[in-house]
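Counting with our numbering, you get residues 6 to 744 for the letters of the sequence shown.
Positions of the beta carbon are idealized from the N, C-alpha and C atoms, including for glycine.
Please read these numbers as outputs of a predicted model, since none were measured by experiment.
Written out below as structure tokens is the structure these notes cover.
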Amino acid sequence: MIGKIDGLTKKSFKNYSTPDNFFKKKNIIFGYNGRGKSSLASGIAERFLIDNDEVGLRYFDTNYVNDSLVMKDSEGKLLKGVKATFSKKDVDIEQKIEEKRSQLVSIDDDKNEIKSEREQLRKRIDSLAKIKKGKVRIQSKNKTMLEVDDIHWEGCPDIDWVLRQYNNDLASAQKIEPDVNKLRVIDGNKDYEDEINRVENLPLPKITYPYINRAETDRLKKILTKTYSDNVPSSEIVSWLEKGISLHDTDADMCLFCQNRSNFSITTIQERVNRYITDEKQKDSKFLEDILGQVSESMKDLKGSIDNKSTLYIFYDKSEIDSIFSLQKELSTLKSLSGKLTKKLSSMNDIIIISPAEIQDIEHLINSLKDRRERLDQIKKDKLKELREKDSNQRVLVNGAIGLAIKEDEDFNNRLNNLKKFEIEVQDKHDKNIKLQNDIKDLESQKSDYGDFMNFLNEVLESLGINIRLDHCKDDEKLYYLRHSNKEDGDLTVKDVSEGEINILALLFFYFELYKDNLQQNSKDEIKLILLDDPISSLDEGNRIYVLELVRHILLEKSKFEQIFIFTHSWNDFCDITYGVQAGDSNGVYGFFEITKDSNSHSSIDIIKKPAISPYKVLFKEIYELHKKEITYKLNDCELYHYANSMRRVFEEFLSFKCGGRTVPTKGNKGPIKDLYTSSLPKNETVGAKFSSNLSAFLSFINILSHHPVKSDEVVQNAKFMMKFIEKVDKFHFDKHKV
């Protein structure tokens with residue numbers, strides 16, 4: 006049931022909300038045209054359809070004929086049929102259907118109970134897992150059930166699937182640790198994952214070595230024992246010259262360093278430098294410098310590694326680390342080689358002796374350092390492999406320990422067994438419901454065609470004196486033609502009949518479709534919400550009374566419809582509908598409301614405690630308030646025609662009160678109406694010169710207002726005239742009804 010609306014934004018309703026429990030089971034809502042009745046009705050319908058199926062809604066409004074009565078693409082010729090249960094055979098079938106329906110058992114509460122118990126058992130599994138897993142980051146086993154044996158359990162935890170997974174984990178764990186007693190006390194307090202990350206992120210000390218192959222060793226030996234002439238500068242000078250040349254343009258005529266212009270040629274200098282670069286001494290010097298750079302870098306890295314080797318003791322075997330970084334001989338060889346290279350580079354003419362044993366030491370150095378670096382890389386790989394295996398085994402053992410804890414949890418397993426038994430019972434109820442529903446469908450298919458409703462409705466139309474009837478469509482018995490009562494041929498469209506006739510036909514369709522029988526005693530089970538938006542309009546007085554009784558019959562039904570909303574723009578209809586009905590308190594069945602607008606033309610809903618004010622007084626007070634406005638006051642389209650119609654009703658009832666119903670407010674009765682006015686004036690007061698013409702204009706206005714456009718100033722001016730007339734004729738009556 007809809008108890009409130011939140012944030013309604015439709016036309017004059019701007020983000021409007023009501024308090025909680027605002028609406029009742031049965032709601033009657035009054036509001037003049039243009040105040041927002043239809044916006045509220047459609048807003049309530051939309052709110053209902055958020056949580057409910059459309060089959061539970063019955064909505065009558067100005068669009069009912071086109072949306073629900075007339076078949077699309079039929080140009081208004083075909084009306085939708087209604088399958089009724091009005092024959093004796095159908096009544097018998099309906100009784101059988103009711104018997105079957107009475108045997109249906111709701112399992113919603115059972116399903117909620119099962120879902121709740123499954124969620125509690127799921128929490129128990131999670132609790133046991135949390136205790137056992139400790140620091141181990143293992144993924145929770147989650148799965149929700151979608152469909153089990155035709156019963157839908159959307160959102161229910163799939164306990165069976167989770168238990169199967171943990172049983173598999175227990176079997177895997179027992180392959181590693183068969184002793185259940187040891188498995189029972191296993192927990193995940195060792196965080197191998199963190200240790201793996203630390204090992205991976207701890208940098209290994211550098212072990213670098215000169216990249217000298219056999220050919221380079223032979224060349225090194227030759228260079229050290231070879232002498233060179235001094236006509237080639239050192240490699241440092243040659244390098245300096247190369248950089249200097251790059252600073253000069255190809256056509257430069259002056260040295261940028263010494264500003265010499267005499268015989269300066271950058272091309273000549275470039276050729277000389279090229280000879281230096283290609284000179285054997287220069288090439289050999291460059292080779293020795295490269296080897297010396299590698300030797301120096303290796304010595305630096307090895308000394309630093311020896312100083313930092315203790316950082317590895319936390320993860321690796323100390324003796325093995327010490328063995329790898331026992332580098333005295335290697336450092337000695339590097340130091341000796343560095344000295345020879347430095348000495349040769351300082352004087353390329355000197356002969357530096359290097360023995361075969363020293364050459365052998367260099368080759369041993371390279372192989373030793375290469376081997377030590379490979380050993381260091383390997384022990385890291387072995388350590389990571391060891392930790393990952395321990396981590397993997399721990400995960401298997403922890404998951405197995407969780408599975409064992411679940412298996413040995415007596416309370417959990419007792420509750421699980423009880424749940425299984427209960428689910429079997431619910432499944433049995435479900436299966437029986439399915440069979441009953443299939444039986445009901447079979448019985449429904451045996452009920453009569455669409456002729457019963459057509460015949461019944463034709464009888465009602467005839468009794469109301471409405472000269473139209475329904476007839477079967479030859480091509481489809483589920484559809485009706487609309488025809489004149491006294492003609493066999495000639496189909497009508499909804500545009501061929503008067504607004505009043507099509508409106509009452511639509512109301513009859515709407516009303517009788519609510520029920521399963523022609524006595525309107527059994528409403529359809531699927532209907533939850535009824536919305537009637539201004540059902541009593543464009544009807545003559547006789548039909549209005551009939552429709553009013555239909556509306557009151559719906560309203561006064563005892564607990565058959567879950568919720569009803571009836572909207573009307575007529576205070577007279579509002580009073581008639583609510584006659585004899587009392588609005589209750591917050592827990593009452595009935596609620597009376599009025600839709601009003603504020604100064605910003607924003608709509609809101611007010612509670613009416615009791616509709617005790619007569620329709621006449623309501624209209625009188627409205628016209629009284631209007632007559633106080635300035636002539637320039639602007640009215641909207643709805644207000645223009647509402648006030649104009651209201652003036653006729655008020656003036657007609659006032660004349661009836663004063664003249665006993667003998668004087669109708671028309672220009673033909675202008676004389677008696679003028680006499681009523683003049684006879685009420687004091688002896689010393691006379692009728693004004695313009696009174697007669699103003700009275701004629703007023704009587705014309707209230708009688709032909711529906712046949713020509715009405716302007717705001719015309720409505721306000723006539724309201725002022727009528728209020729002045731009534732005040733002069735009967736001051737007591739005027740004062741009584743204006744407040």
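query: DSSP puts Ile201 in a beta bridge; with which residues?
result: Bridge partners of Ile201: none, in fact.
- prompt: The beta strand (DSSP E) spanning His477 covers which residue range?
  reply: Element bounds for His477: 473-477.
field: Check whether Leu745 and Val586 have beta carbons under 9 Å apart
entry: What is shown of the chain runs 6 to 744, which leaves residue 745 out entirely.
- request: Within 10 angstroms of the Cβ of Ser310, are there 16 or more other Cβ atoms? Answer buried if so, exposed if not.
  value: buried
query: Where Leu560 and Asp539 are concerned, what is the direct C-alpha to C-alpha distance, given to the nearest angstrom?
result: 14 Å
- prompt: For Asp396, which of Val60, Lys140, Leu370, Leu293 has the nearest alpha-carbon?
  reply: The alpha carbon of Asp396 has as its nearest neighbour, out of Val60, Lys140, Leu370, Leu293, the alpha carbon of Lys140.
task: Taking 9 Å as the cut-off, decide whether the C-beta atoms of Phe27 and Phe515 are in contact.
output: no
message: Quick check on Arg40: does DSSP put it in helix, strand or coil?
response: coil
query: Ile34 and Phe570: beta carbons closer than 9 Å?
result: A contact, by the Cβ cut-off of 9 Å.
- request: Would you mind giving the Cβ-Cβ distance between Ile228 and Asp289, rounded to the nearest angstrom? I have them listed as a contact below 8 Å.
  value: 5 Å
- prompt: Would Met259 be called buried (16 or more neighbouring beta carbons within 10 Å of its own) or exposed?
  reply: Exposed.
- request: Could you check the C-alpha separation between Ala46 and Asp56 for me, to the nearest Å?
  value: 17 Å
- request: Would you identify the three-state DSSP class for Lys672, choosing helix, strand or coil?
  value: helix
Sequence-distant residues of its chain with Cβ nearer than 7 Å to Gln399 (five each side left out): Val141, Gly193, Lys195, Tyr197
message: On the CB-based measure, 16 or more other CB atoms within 10 Å of its CB, does Glu335 come out buried or exposed?
response: buried
message: Buried or exposed, going by whether 16 or more other CB atoms sit within 10 Å of the CB of Ala724?
response: The residue in question, Ala724, is buried, as its Cβ has 16 or more Cβ neighbours within 10 Å.
Contact under 9 Å by Cβ, Glu99 with Lys663: no
query: Does the segment 172-185 come within contact of the segment 206-224, defined as at least 3 CB pairs closer than 8 Å?
result: No: fewer than three Cβ pairs fall under 8 Å.
- request: State the Cα-Cα distance for the pair Arg474 and Lys741, rounded to the nearest angstrom.
  value: 50 Å
- prompt: Nearest-angstrom Cα distance between Cys580 and Glu554?
  reply: A straight line joining the alpha-carbon of Cys580 with that of Glu554 spans about 13 Å.
- request: Under the assumption that Phe598 contacts Asn38 (Cβ atoms under 8 Å), give the Cβ distance between them as a whole number of angstroms.
  value: Their Cβ separation, rounded to whole angstroms, is 16 Å, which puts Phe598 and Asn38 out of contact at 8 Å.
message: Looking only at its chain, what residues have a beta carbon closer than 7 Å to the beta carbon of Gly61, apart from the 5 residues adjacent to it on each side?
response: Within the same chain, Gly61 has close Cβ partners Glu531, Ile532, Lys533, Leu534.
- prompt: Whole-angstrom Cβ separation of Leu392 and Ile201, contact assumed at under 8 Å?
  reply: 5 Å
message: Since Leu484 and Leu84 should fall inside the 8 Å C-beta cutoff, what is the C-beta to C-beta distance between them, to a whole number of angstroms?
response: 7 Å
- prompt: Between Glu302 and Lys390, what straight-line distance do the alpha-carbon atoms span, to the nearest angstrom?
  reply: 32 Å
message: Checking the sheet assignment: what are the DSSP bridge partners for Ile33?
response: Ile571, Phe597
field: Nearest-angstrom Cβ-Cβ length linking Leu297 and Leu374, presumed shorter than 8 Å
entry: The pair is not a contact, with the Cβ atoms about 17 Å apart (cut-off 8 Å).
query: Count the other CB atoms within 10 Å of the CB of Asn508; is the residue buried (16 or more) or exposed (fewer)?
result: Around the Cβ of Asn508, a 10 Å sphere holds 16 or more other Cβ atoms; the residue is buried.
message: Let's see if you can read the secondary structure: which residues bound the beta strand (DSSP E) around Leu536?
response: 534-538
task: Assign His369 to buried or exposed, taking buried as 16 or more other Cβ atoms, counted over all protein chains shown, within 10 Å of its Cβ.
output: Residue burial is scored here from C-beta neighbours: His369 has fewer than 16 other C-beta atoms within 10 angstroms and is therefore classed as exposed.
query: For the ligand GTP, any of its heavy atoms closer than 8 Å to the Cβ of Tyr233?
result: What this structure holds is no ligand at all, so the ligand GTP is not there to describe.
- prompt: DSSP state of Asn484, grouped into three classes?
  reply: Contrary to the premise, residue 484 reads as Leu rather than Asn in this sequence. Residue state, collapsed to three classes: strand.
message: Along the chain, where does the beta strand (DSSP E) containing Thr14 start, and where does it finish?
response: 13-15
query: Apart from the five residues on each side of it in sequence, which residues of its chain come closer than 7 Å, Cβ to Cβ, to Tyr638?
result: Ser717, Val721
message: Quick check on Asp603: buried or exposed, where buried means 16 or more other Cβ atoms within 10 Å of its Cβ?
response: exposed
field: Continuous alpha helix (DSSP H) stretch holding Asp322: start and end
entry: Where Asp322 is concerned, there is no enclosing alpha helix (DSSP H), given that its DSSP letter is neither H nor E.
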